[in-house]
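Peer 1: Structure incoming, see below.
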Amino acid sequence: MSSPLPPEKSNSKKRSRKKHTKGSLQWTDSLLSEDPFSLLSGGDQGGFLSLEEIDESEFGLIGEVVEAVGEEKGNKKKKKASSVSNSNKRKRGDELSSELGSGTVVTEEGDKEEKKRKGNNRNNDVKDGVQGKEKAGRKNKKNKKEKKKKTNQKEGTSGEITKVDEKGAKSFLLGEDEVYEWNVLRLHPSLMNSIRRLGFREPTPIQRACIPAAAHQGKDVIGAAETGSGKTLAFGLPILQRLLEEREKAARLKLEDKNLADKKIDTESPLRALIVAPTRELALQVCDHLKQAGKSLDIYVVPIVGGMSLEKQERLLKRRPHIVVGTPGRLWELMSSGHQHLVELNSLSFFVLDEADRMIEGGHFHELQSIIDMLPVTSGSGTESSDGQTEPSMQRKKRQTFVFSATIALSDNFRKKLKRGLSSSRSASGGLSSIETLSERAGMRPDAAIIDLTNASIMANKLEESFIECREEEKDAYLYYILSVHGQGRTMIFCTSIAALRHTSAILRILGINSWTLHAQMQQRARLKAMDRFRGNENSVLIATDVAARGLDIPHVRTVIHYQLPHSAEVYIHRSGRTARASTDGCSIAVISPKDKTKFYSLCKSLSKESLKQFPVDNAYMPEVMKRLSLARQIDRFTRKSSQENAKKNWFEKNAEALGVDLDFSDSEEEGTKRMKEKKSSSAQLNKLQQELDAHLKRPLQPRTLSHRYLAGAGVSPVLQQQLEELSKRNAKGDIAENNKKSRFVVIGQDLVEPLHALRSSGQEVCVNLEKKKEVQKRADIWKRKKQDEKKRAHEQKRKARKRAKEGM
Ligand SMILES: Nc1ncnc2c1ncn2[C@@H]1O[C@H](COP(=O)(O)OP(=O)(O)OP(=O)(O)O)[C@@H](O)[C@H]1O
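Its first residue numbered 1, the sequence shown is counted upward by one per residue in UniProt numbering.
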C-alpha cells in the first residue's frame with residue numbers, strides 16, 4: 001500500500017482551486033480552521049486518512065469526489081471522463097446485447113442501419129431543436145455519444161470503433177505509416193484498413209507467426225499462445241484474406257472472360273468457414289471480432305449458438321453467410337436437421353476449433369464429433385474452378401484446419417506423428433479423447449504448422465499471481481476485504497459450483513457490493529445481460545462459474561479472484577487469463593483454505609511454480625470486516641429461510657392446483673397465533689440486524705488501529721465513494737445547518753490501491769513447491785531436534801558438574 005499522505009497544505013491549495021459542480025454542497029466559513037475533522041468525527045461517518053482539503057464554499061462529492069481525492073489535476077480529468085463513460089458504457093452494453101441477440105451480420109446493412117439511425121437523429125434534431133433547454137440536453141447527449149465512441153475506441157470492444165469526424169465520415173485510429181509492422185504479413189489493403197481502424201499498431205507474436213503459414217502457405221495450423229494474445233485474429237485474418245483474394249480473383253476472371261460475366265458469384269455463396277467454440281459467449285465474441293476486422297468488406301458472419309431463437313438463426317443461415325461461428329450443440333442441431341447451408345460443405349475452406357482442448361474435456365462434445373464427421377473427406381486431383389471457388393474434389397486438400405488454444409499440450413509423439421504424416425483415414429478410434437485425435441479426425445494435414453508460443457509457465461506475461469491462505473469460513477471475509485479495500489477496476493470472481501456463486505453474490509449484495517452473475521443454468525438473455533452490465537462499468541464485479549473461464553475478452557479486467565480453485569491447471573490458466581490481456585497488466589488472487597491445499601500445491605507443481613506471492617492483507621481491517629460479515633450471514637439465513645418457506649408454499653399450491661385438490665392452510669387458532677408470533681419476531685430480528693449492518697456500512701471501512709476520525713488507508717473504493725455520495729446528499733439536505741456548523745467540507749483520502757499495486761508493493765514471495773517445503777520442514781525439524789539434544793546435553797553436563805562440585809565439597 002502506498003503510504004498515507006500527510007495533510008499537506010501545498011496539495012490542499014492546489015486542489016482548492018478546483019471548480020465545483022452541480023449538486024455540490026454549500027459549505028461556508030471555516031470550521032476547518034477549528035477542527036478539520038469535527039464535521040465527521042462526531043457522527044457516524046468516521047474520518048479520513050490523509051488529507052485532501054477542498055475549500056471554498058462548495059464541494060461536489062457526486063462524481064467528483066474520487067477525482068478530488070489524492071489525485072493530480074490531469075488524473076482528475078481522466079477519472080471524470082471515465083465516470084462519464086461508465087454510464088455510457090452501460091448503454092453500449094445494451095446495444096451490444098441487442099446486436100448479438102439478433103445475430104446481426106457485418107455488412108453494408110449494419111452500416112445502413114447505422115446511417116439510418118444517424119439520419120433519424122439528425123431529423124429529430126431539426127424537429128425539436130428550438131427550446132434552449134432541449135438544446136442543452138441534446139448537446140449533452142451528443143457529448144455523451146462522442147465520449148462513448150472514444151471509450152469504445154480505447155477499449156476496442158464491440159461498439160463502433162472508428163473515429164467519426166464532424167461530417168460523420170469515418171477515419172482511422174492509425175495512419176498508414178503507423179502500421180508498417182504489419183507490412184511483412186502482406187495482408188489485403190482492406191484488411192490493413194481494418195487494422196488501422198482498430199488501432200492495432202503491430203501484429204502480436206502469434207499473429208506474426210500464424211498469418212504467413214495460414215494465409216500465404218495455405219497450411220493447417222495448430223496454434224498455442226498465452227491468453228489474450230490475439231489468437232482470434234491469428235486465424236481470423238487468414239480467413240478474411242483468402243475470401244477477399246478469391247473474390248478479387250473471381251472478379252478479375254469475370255472481367256477477362258465474357259462468358260463468366262453473367263454468372264452470379266457471391267450472392268449465392270456457400271459456407272466458406274466454420275468456426276466452433278466451446279461456449280456461447282465465446283462464439284458470439286469471436287463472431288464480433290471477425291465482424292470488426294471484416295467491417296465493410298461485405299463478408300457475412302453469423303453466430304449460431306444455443307439459447308437463442310432457432311427460427312431466427314435459421315433465417316440468418318438462409319442468407320448464406322460466408323462464415324459461421326457456433327457452439328457444437330446448436331450447430332449440430334441445425335446440421336442434423338439438414339439445414340442446407342450447413343450440410344453443403346463442399347466449398348468449406350476453413351474449419352476452426354477455438355479453445356480446442358476444452359472441446360474434448362470430459363467427452364462433452366459428441367456433437368463436435370458428429371460435425372467433424374459431416375466434413376467432406378474426398379481427396380483427389382481436382383482443379384480450381386474458374387470463378388475462384390474450389391471444386392469438391394479439392395476440398396480435402398484445400399480445406400484448412402486451425403486448432404487454437406492457450407493450453408494445448410501436444411505430446412512429443414503427436415509432433416513426431418505430424419512430421420511423419422498423419423493418416424488421412426477416419427479410423428481414429430473411439431471419441432475425441434485428445435487434441436491429436438481431434439485434429440486427425442478433422443483432417444489436419446501432415447505438413448501442419450505447429451506454432452507453440454506458450455512460455456514455460458503458460459501464464460500471460462504481465463499477469464501477477466498471488467494467494468491468500470485462510471479458513472474455509474473466512475473466504476467471504478477476504479473477498480469482502482479485497483473488494484472494499486482494494487475494489488478498483490473490473491473484478492471477476494470464479495467459483496466452481498453454482499451454489500457457491502449464489503451464496504457469494506447474496507452475501508456481497510447484503511454487504512452493499514452489487515455483482516453480476518454468470519453460469520450455465522442462466523437463460524441466455526440473462527447471460528448476455530450480465531456480460532453487458534459487467535462491461536458497462538469499470539468497477540463492476542462479475543461472479544462466474546467456469547463457463548466464463550475461457551476466451552472472454554472484456555477490457556480492463558484488473559483482478560481475477562479464484563474463490564474456489566478450479567479442477568485443472570488449464571482452467572486456472574484460462575480463468576486468470578481474463579485479466580492481463582493484450583499487453584496490459586493485472587493480477588489474480590487464489591483464496592486457499594486448508595481443504596484446497598492439496599489441489600493448490602499440485603496446481604503449482606503442474607505449472608512449475610517454485611514460489612508465489614502472498615497477497616498482503618492488513619489485518620487491522622479484519623475485526624470490522626468480520627463483524628459486518630457475521631451480520632450479513634445472519635441476514636442471509638433469515639431471508640433464505642423465508643424464501644424457502646414461500647417456495648414450499650408455492651410448490652404446494654401449484655401442485656394442488658394441478659391435481660385439482662383444495663388446500664387447507666387454516667391452522668387452529670393456537671397454531672395461527674404461534675405462527676404469527678414467530679413471523680413477527682423473526683421480522684423484528686431481521687430488521688434489527690439490517691439496521692445494525694446499515695449502521696456499520698454507513699461508516700467507511702477503517703482499520704481498528706486508526707482513530708475513527710481517520711479513514712481507511714486504502715483510499716476511496718467504489719463502496720466508499722457511494723458512502724461519500726450519500727453523506728454529501730444527507731448533508732446537503734441540511735443536517736449540518738441544523739447543527740449550526742458552517743464550514744467547508746473536508747475530504748481526506750488517498751488513491752485507492754488496487755490489488756495489483758498492493759501486491760507489487762507488499763506481496764511476500766512464499767515457497768509453493770511442496771517437496772521443497774517438506775524438505776525445509778524436515779531440515780528445520782532435524783535442526784530443532786539437534787538443538788534440543790544439545791540443550792539436554794548441556795543441561796546434563798551442568799547437572800553433572802553441579803553434582804561433582806557438591807561431592808567435591
Ligand atoms: N495486433 C493486436 N494489437 C493489439 N491488440 C490486439 C491485436 N490483436 C488482437 N488484439 C486485441 O487483444 C485482445 C485479446 O485478443 P483475443 O481475444 O483474440 O485473445 P486470445 O489469445 O484469443 O485470448 P484467450 O486465449 O483468452 O481466448 C482483444 O481485445 C483484441 O481485440
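Here a beta-carbon is modelled for each residue, glycine too, at the ideal position from N, C-alpha and C.
Any contact between the segment 517-529 and the segment 571-582? By contact I mean 3 or more CB pairs, one from each, below 8 Å.
Peer 2: Result no; under three Cβ-Cβ pairs closer than 8 Å.
Peer 1: Quick check on the DSSP output: the beta strand (DSSP E) that includes PRO205 runs from which residue to which?
Peer 2: Careful: PRO205 lies outside any beta strand (DSSP E), inside the alpha helix (DSSP H) at 205-211.
Peer 1: CB-CB under 8 Å to LEU565, same chain, minus the five flanking residues each way: which ones, in chain order?
Peer 2: The residues are THR496, TYR572, ALA590, ILE592, ASP596, LYS599, PHE600 and LEU603.
Peer 1: Roughly how many whole angstroms lie between the Cα atoms of GLU765 and ARG320?
Peer 2: Near 56 Å, if we compare the C-alpha coordinates of ARG320 and GLU765.
Peer 1: With DSSP collapsed to three states, give me the class of PRO303.
Peer 2: DSSP places PRO303 in strand when its eight states are reduced to three.
Peer 1: Given SER568, which residues of its chain have a CB within under 7 Å of its CB, disregarding the five upstream and five downstream residues?
Peer 2: Around SER568: no qualifying Cβ.
Peer 1: Short of 6 Å in beta carbon distance, which residues of its chain neighbour LYS806, apart from the five on each side in sequence? Order them along the chain.
Peer 2: Result list for LYS806: empty, nothing under 6 Å.
Peer 1: Just to confirm my understanding: we take GLU344, look at its own chain, exclude 5 residues before and 5 after, and list those with CB closer than 8 Å. What are they?
Peer 2: Once the five neighbours on either side are set aside, the close Cβ partners of GLU344 are PRO270 and LEU271.
Peer 1: Around the Cβ of GLY808, are there at least 16 other Cβ atoms within 10 angstroms (buried) or fewer (exposed)?
Peer 2: With fewer than 16 Cβ atoms within 10 Å of its Cβ, GLY808 is classed as exposed.
Peer 1: From GLU692 to GLU436, what does the alpha carbon distance come to, in whole angstroms?
Peer 2: Their backbone Cα atoms lie some 60 Å apart in a straight line.
Peer 1: For ASP220, which three-state DSSP category applies?
Peer 2: Three-state result, ASP220: coil.
Peer 1: Is the separation between the beta-carbon of HIS519 and that of ALA549 shorter than 9 Å?
Peer 2: In this structure, ALA549 does not lie closer than 9 Å to HIS519 by Cβ.
Peer 1: Give the secondary structure of residue 826 by DSSP, where H, G and I count as helix, E and B as strand, and everything else as coil.
Peer 2: Here the chain has residues from 1 to 809 only, and residue 826 is not among them.
Peer 1: Quick one: is GLY338 buried, meaning 16 or more other Cβ sit within 10 Å of its Cβ, or exposed?
Peer 2: With fewer than 16 other Cβ atoms within 10 Å, it is exposed.
Peer 1: With distances taken from CA atoms, which of GLN241, GLU538, VAL768 and LYS475 is nearest GLN217?
Peer 2: Out of GLN241, GLU538, VAL768 and LYS475, GLN241 has the C-alpha closest to the C-alpha of GLN217.
Peer 1: Out of curiosity, what's the CA-to-CA distance linking ILE372 and THR401?
Peer 2: Spanning the two alpha carbons is a distance of roughly 11 Å.
Peer 1: Any heavy atom of ligand 1 within a distance shorter than 8 Å of the CB on GLN644?
Peer 2: No - ligand 1 has no heavy atom lying nearer than 8 Å to the Cβ of GLN644.
Peer 1: With 16 as the cutoff for other CB atoms within 10 Å, does MET335 come out buried or exposed?
Peer 2: Buried: at least 16 other Cβ atoms inside 10 Å.
Peer 1: Three-state secondary structure (DSSP) at MET492?
Peer 2: In this structure, MET492 counts as strand in the three-state DSSP scheme.
Peer 1: For ILE507 and ASP298, I'd like the C-alpha separation in whole angstroms.
Peer 2: Approximately 49 Å between the Cα atoms of the pair.
Peer 1: Can you tell me the Cα-Cα spacing of GLU546 and LEU756, whole angstroms?
Peer 2: Reading the sequence as shown, one finds Asp at residue 546 and not Glu. ASP546 and LEU756: Cα-Cα distance of roughly 23 Å.
Peer 1: From the DSSP output, in three-state form, read off ILE589 for me.
Peer 2: Reduced to three states, the DSSP call for ILE589 is strand.
Peer 1: Kindly indicate which three-state DSSP category SER466 falls into: helix, strand or coil?
Peer 2: Note: SER466 maps to strand in three-state DSSP.
Peer 1: From ILE498 to GLY586, what does the alpha carbon distance come to, in whole angstroms?
Peer 2: Spanning the two alpha carbons is a distance of roughly 25 Å.
Peer 1: Please name the residue in HIS341, CYS767 and GLY306 whose C-alpha comes closest to that of PRO328.
Peer 2: If we check each option's Cα against that of PRO328, GLY306 comes out closest.
Peer 1: Among SER515, GLN614, ASN514 and THR491, which has the Cα closest to the Cα of HIS556?
Peer 2: Checking every option, the nearest Cα to that of HIS556 belongs to THR491.
Peer 1: SER606 lies in the beta strand (DSSP E); which residues open and close that run?
Peer 2: First-last for SER606: 597-606, but that is the alpha helix (DSSP H), not the beta strand (DSSP E).
Peer 1: Using a 10 Å radius around the Cβ and a threshold of 16 neighbouring Cβ atoms, would you call TYR180 buried or exposed?
Peer 2: With fewer than 16 other Cβ atoms within 10 Å, it is exposed.
Peer 1: Give me the Cβ distance between ASP220 and ALA448, rounded to the nearest whole Å; I'm assuming they're in contact under 8 Å.
Peer 2: About 4 Å separates the two Cβ atoms, so the contact holds.
Peer 1: Taking C-beta to C-beta, are LEU697 and GLY487 nearer than 9 Å?
Peer 2: No.
Peer 1: Go ahead and pull the three-state DSSP assignment for THR579.
Peer 2: In the structure shown, THR579 sits in coil (DSSP, three-state: anything other than H, G, I, E or B).
Peer 1: For the alpha helix (DSSP H) holding LEU243, just list the boundary residues, first then last.
Peer 2: Segment 231-256, the alpha helix (DSSP H) holding LEU243.
Peer 1: At which residues does the beta strand (DSSP E) containing LYS613 begin and terminate?
Peer 2: Its beta strand (DSSP E) spans residues 611-614.
Peer 1: When the Cα atoms are used, what is the spatial distance from ARG760 to GLY443?
Peer 2: So the two alpha carbons sit approximately 47 Å from each other.
Peer 1: Whose C-beta lies closer than 6 Å to the C-beta of LEU770 among residues of the same chain, with five residues either side of it excluded?
Peer 2: Cβ neighbours of LEU770 beyond the five flanking positions: TYR601.
Peer 1: Alpha carbon to alpha carbon, what distance is there between ARG785 and LYS798?
Peer 2: Rounded to the nearest angstrom, the two C-alpha atoms are 20 Å apart.
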